[in-house]
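Asks: So that we are looking at the same thing, I have put the structure below in structure tokens.
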Amino acid sequence: MSTNVARVLVCLEEVGAEYEVVPVDMTTGEHKSPAHDARNPFGQVPVFQDGDLILYESRAISKYILRKGGSDLLRESNLAESAMVDVWLKVESGHFSSTMSPIIFQCLVVPFLGGETDTKIVQENLEKLKTALGVYEARLSRFKYLAGDFVSLADISHFPAAYYLLGGSHTSVLDAYPHVKAWLAEVMDRPSVKKVVELMKLPSA
Amino acid sequence: MAVKVYGWAISPFVSRVLLCLEEAGVDYELVPMSREAADHRRPDYVARNPFGEVPVLEDGELTLFESLAIARHVLRKYKPERLGSGSLEQSALVDMWVDVEAHQLQPPAGAIAVECVIAPALFGRERNQAVVDENVEKLKKVLEVYEAQLVQSRYLAGDVLTLADLTHFTIMHYFMATEYATLVEALPHVSAWWKGLAARPAAKKVAEFMPLGAGAPKKQE
């Protein structure tokens, strides 16, 4: 399952919304079809539809879902807290998921498509990931969660890439970062996350 | 206590923040930093941004990094209508187009600007034309999507100017100084939208902080 789709599903689970997942088969190029193009002209998933509103970009969708569902995971009633959520959500996007993405692609997708993992790309990105994890370790030594002492979308947004990190062959990279490891375990233990992980394990995912 | 921004204004990420402060009419102080002297790697700076990047913003007790997180804070506090606040749908469309800029427009437009304007001026090297050509193709497709949207609405997220539009200004300022500005000029709605952005007093002020664009030589026709 696309990490970006998983991100949206976990937010739907967090607010207890009823939803339907409509599969888009990227292996057959369905994401480039005219029908999908009408929903997302950039040809990506997920696309989210709520009545007449059509959205793409998973973090934009996630915020909409959380706001509409009355969740406190964005802390938007508090200027300082919501700012910290925004900071660490950008960190997730720019430093964690962006380095995990090529690792996931090389280690999972490439072999699935019959190719050979480019270990140079994996190593380069593992080094970048370690740099980021060092920052996270320092942060999580001071605060219970990334944005402060409250859980937020900034934490939960890590789960899709973290799921692959924890299930892949490079999990040991976390051993040097005990606070990160404990924090991730807590995120993965959320009921919403566990529910989506079950969906990610399905063969159709 | 005035808001403080740390960084060098020629960075489009620093200037993105300055643009939002200007638009919101907030008093601020730009604390000068030197990229050459690696001020961003000094311990006192890393204490503010553990990734050692610019910009950082200090607003009272709050220290923030990541230009878009900073921009959102500034607008949320001082000009929330620029975030579509108060409307679930509007704020979602703003968030979506802010991410579209970051994920779809900035990579190719930024790469073209780096090769054509910034590398020659700052890194002392010639452009890599292959990189330019690859990114021109990508950017053309992206701009077609923008044109289709701007046929329907005056601004990206609707008929009101928001962060979704403002976030484009500083990267595009450099891009529009290259000969590939014609890609924008060829699209009537994107072109009009760009001109409108660039004509804003806040944009004109911030453009003065980013002189590389203005001085860059254009390709001879």
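Protein chains in written order, with our numbering: chain A, 79 to 283; chain B, 1349 to 1569. Using N, Cα and C, we set each Cβ at its ideal position, and we do this for glycine too. Bear in mind that the values here come from a model prediction, so they are computed numbers and not experimental data.
1) Does any residue of chain B bring its CB to less than 9 Å from the CB of P119/A?
2) Run the CB neighbour count on R153/A, radius 10 Å, all protein chains shown included, and call it buried at 16 or more, exposed below.
3) Please compile the residues from chain A whose C-beta is within a distance smaller than 9 Å of the C-beta of R1420/B.
4) In this structure, does DSSP put Q184/A in helix, strand or coil?
5) Return the Cβ separation of E170/A and H236/A in integer angstroms, given the expectation that the two are a contact with Cβ distance under 8 Å.
6) Measuring only between beta-carbons, confirm whether L1412/B sits less than 9 Å from chain A.
7) Would you kindly work out how many angstroms separate the C-alpha atoms of Y1393/B and M79/A, rounded to a whole number?
8) Within 10 angstroms of the Cβ of F190/A, are there 16 or more other Cβ atoms? Answer buried if so, exposed if not.
9) Interface residues of chain B around V213/A at Cβ under 8 Å?
10) Below 8 Å CB to CB, which residues in the same chain sit around L211/A once its five sequence neighbours on both sides are set aside?
11) Kindly confirm or deny that the stretch 1369-1378 of chain B and the stretch 1547-1562 of chain B touch, where touching means at least three C-beta pairs closer than 8 Å.
12) In chain A, what lies closer than 7 Å to E1437/B by C-beta?
13) Between the Cα of F1557/B and the Cα atoms of W1356/B, V1351/B, A1350/B and K1352/B, which residue gives the shortest distance?
14) Taking only beta-carbon atoms, is V169/A less than 9 Å away from chain B?
15) For R1389/B, count neighbouring C-beta atoms within 10 Å of its own C-beta (all shown protein chains included) and say buried if the count is 16 or more, exposed if not.
16) In three-state DSSP terms, what is P1559/B?
17) Just to confirm before moving on: does the CB-CB distance between A1419/B and V1499/B stay below 9 Å?
18) Provide the residue span of the beta strand (DSSP E) that contains V125/A, from first to last.
19) Quick one: what does DSSP say F1361/B is sitting in, helix, strand or coil?
20) Interface residues of chain B around E135/A at Cβ under 8 Å?
Replies: By the coordinates alone:
1) In the first sequence, the residue the question calls residue 119/A occupies position 41. Closer than 9 Å to some Cβ of chain B, the Cβ of P119/A qualifies, so yes.
2) As a working note, residue 153/A is residue 75 in the first sequence. R153/A counts as buried, since no fewer than 16 other beta carbons sit within 10 angstroms of its beta carbon.
3) Mapped onto the second sequence, residue 1420/B falls at position 72. Neighbours of R1420/B in chain A, taken as residues at a C-beta separation under 9 Å, are given in chain order as S160, A161 and D164.
4) On the first sequence, residue 184/A is found 106 positions in, with the first residue counted as 1. Correct three-state label for Q184/A: helix.
5) Here residue 170/A refers to the residue found at position 92 of the first sequence. Here residue 236/A refers to the residue found at position 158 of the first sequence. Going by Cβ atoms, the distance from E170/A to H236/A rounds to 5 Å, so yes, they are a contact pair.
6) In the second sequence, the residue the question calls residue 1412/B occupies position 64. By this cut-off, L1412/B is an interface position.
7) Here residue 1393/B corresponds to residue number 45 of the second sequence, with the count starting at 1. Here residue 79/A corresponds to residue number 1 of the first sequence, with the count starting at 1. The alpha-carbon separation between Y1393/B and M79/A amounts to approximately 39 Å.
8) Stepping through the first sequence from its first residue, residue 190/A is reached at position 112. Exposed, because fewer than 16 other Cβ atoms sit within 10 Å of the Cβ of F190/A.
9) One-based indexing of the first sequence puts residue 213/A at position 135. Under a criterion of Cβ atoms nearer than 8 Å, the residues of chain B adjacent to V213/A are, in order, P1398 and F1399.
10) The residue given as residue 211/A occupies position 133 in the first sequence. Within the same chain, L211/A has close Cβ partners V251, L252, A254, Y255 and V258.
11) Contact between the stretch 1369-1378 of chain B and the stretch 1547-1562 of chain B is present, because at least three Cβ pairs lie under 8 Å.
12) Residue numbering aside, residue 1437/B sits at position 89 when the second sequence is read from its first letter. Neighbours of E1437/B across chain A, judged by C-beta separation under 7 Å: L131.
13) Here the question's residue 1557/B lines up with position 209 in the second sequence. In terms of CA proximity to F1557/B, W1356/B leads the group W1356/B, V1351/B, A1350/B and K1352/B.
14) Stepping through the first sequence from its first residue, residue 169/A is reached at position 91. Yes, V169/A lies at the interface with chain B (some Cβ there is under 9 Å from its Cβ).
15) Position 41 of the second sequence holds residue 1389/B. Exposed, since its Cβ has fewer than 16 Cβ neighbours within 10 Å.
16) In the second sequence, residue 1559/B corresponds to position 211, counting from 1. Look at P1559/B here: in three-state DSSP terms it is coil, with no helix or strand label.
17) As a working note, residue 1419/B is residue 71 in the second sequence. As a working note, residue 1499/B is residue 151 in the second sequence. No, Cβ-Cβ distance for A1419/B and V1499/B is not below 9 Å.
18) As a working mapping, residue 125/A is identified with position 47 in the first sequence. Start and end: V125 to D128.
19) Start at 1 with the first residue of the second sequence, and residue 1361/B comes out as number 13. In the three-state scheme derived from DSSP, where H, G and I count as helix and E and B as strand, F1361/B is classed as helix.
20) To locate residue 135/A, count along the first sequence from 1; it is residue 57. Those are D1443, M1444, D1447, V1448 and H1451, listed as they occur along chain B.
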